[in-house]
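Numbering (my numbering), first residue to last: 1 to 347. Written below as structure tokens is the structure these notes are about.
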């Protein structure tokens, strides 16, 4: 699969302030990527750099093998064939959905314009809205029309900047899934910017976790959750706690929850203190276990209940159990460790 987008050691700054530093990743044709991180981490600045709104001060950005941004090259925004969907949708209020969608394809014949509108309207389920104005649409409907407008000229790549931020939380994940299906059907490569993990995982094939202007890890959602390359990624992606252990002979970590063997061999001396990543789904209920924990609090989540537990040492843990178990704060329960992916970090 050929790479449509390649970033090599990209840095972006304003004046003397570097906002994005040494970012490298690639995205294959037809893939959907996501830049994930908290506000102020540089993800939107990086997206704007890909679009051509910001200049690169180091490194290069290439689209289909052509350098479009570097300290010496800056291809104009309109020459990149990149579509953009903004957080506020930016629909023209005086135009119907149909005319918003056709805004960027005026050069097509009326027959071809209508064919493209109908095709996108059916994909995005907005056929009944084509003659409506934006103020008569819900936020989710406006977002679908905004995506249709961006897709209409068949861009090489679609960039989405926090596109679901103004929608109700309950709608975000479903809309993300719907738009993913549409992009895949139309074969459009895309990059989403968000701070919401559920949106990122629902929509993207590859996700990059950003912090303080740096890309910490560019990987599949599965690997980010189960194989984080550093502690800050593990803490940001999903829920977790850490327990202290000590490296023993034979590549074994001795912990309060028992012995575990890291997935990869650790080239460290015996006796080194380690931190073991424990996800809520790594713990199981085992009333026969000698390892006991006290229930501190609980959060009912339908089919699952998330318990906050405390070990005898005072270390807190999170444990997700089927909700037919019904423990209360103060209960003493037996637990065991059942890990498919053992991840440790040196202290």
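No residue lacks a Cβ here, since even glycine has one placed at the ideal position from N, Cα and C. In this text the structure is predicted, and so the values were computed from the model without any measurement.
Item to check | Whether residue 183 touches residue 159 by CB criterion (9 Å) | outcome: It is not a contact, given that the beta carbons lie outside the stated cut-off.
Next on the checklist: Can you tell me whether residue 261 is helix, strand or coil according to DSSP?
Outcome noted: When secondary structure is reduced to three states using DSSP, residue 261 falls in the coil class, being assigned neither helix nor strand.
Checklist entry - Name the DSSP beta bridge partners of residue 6, please? => result Its beta-bridge partners are 26 and 62.
Next on the checklist: Can you find the residues in the same chain that come closer than 6 Å, C-beta to C-beta, to residue 177, ignoring five residues on each side of it along the sequence?
Outcome noted: Cβ neighbours of residue 177 beyond the five flanking positions: 202.
Next on the checklist: For residue 187, count the other beta carbons within 10 Å of its own beta carbon; 16 or more makes it buried, fewer makes it exposed. Which is it?
Outcome noted: Label assigned to residue 187: exposed.
Checklist entry - Hey, would you say residue 103 sits closer than 9 Å to residue 152, going by beta carbons? => result Going by C-beta atoms, residue 103 is nearer than 9 Å to residue 152.
Next on the checklist: Within the continuous alpha helix (DSSP H) that includes residue 179, where are the two ends?
Outcome noted: Residue 179: member of the alpha helix (DSSP H) spanning 169-186, first to last residue.
Checklist entry - Run through DSSP, which three-state label would residue 314 get? => result Three-state result, residue 314: coil.
Checklist entry - Hey, quick one: how far does the alpha helix (DSSP H) through residue 222 stretch, first residue to last? => result Element bounds for residue 222: 221-226.
Item to check | Identified DSSP bridge partners for residue 273 | outcome: Residue pairing for residue 273: DSSP places it in a beta bridge opposite 246.
Checklist entry - Taking the runs of the beta strand (DSSP E) that are 3 residues or longer, which of them lie wholly in the segment 95-163? => result Taking only runs of at least 3 residues, the beta strand (DSSP E) segments lying wholly in the segment 95-163 are 157-161.
Checklist entry - Around the Cβ of residue 125, are there at least 16 other Cβ atoms within 10 angstroms (buried) or fewer (exposed)? => result The residue in question, residue 125, is exposed, as its Cβ has fewer than 16 Cβ neighbours within 10 Å.
Checklist entry - How is residue 51 classed by DSSP in three states: helix, strand or coil? => result Helix.
Checklist entry - Which one or two residues does DSSP pair with residue 74 in a beta bridge? => result Paired residue(s): 69.
Item to check | Reduced DSSP category for residue 336 - H, G, I as helix; E, B as strand; rest coil | outcome: Correct three-state label for residue 336: strand.
Next on the checklist: In whole angstroms, give me the CA-to-CA distance for residue 83 and residue 156.
Outcome noted: So the two alpha carbons sit approximately 8 Å from each other.
Next on the checklist: Between the alpha carbons of residue 301 and residue 327, how many angstroms are there, rounded?
Outcome noted: Cα to Cα, the separation comes out at about 14 Å.
Item to check | residue 3 versus 263, 29, 12 and 10, residue with shortest Cα-Cα distance | outcome: Looking from the CA of residue 3, the closest CA among 263, 29, 12 and 10 belongs to 29.
Checklist entry - If residue 238 and residue 276 are in contact, beta carbons under 8 Å, what's the gap, nearest whole angstrom? => result At roughly 15 Å, the Cβ-Cβ gap does not stay under 8 Å, so residue 238 and residue 276 are not in contact.
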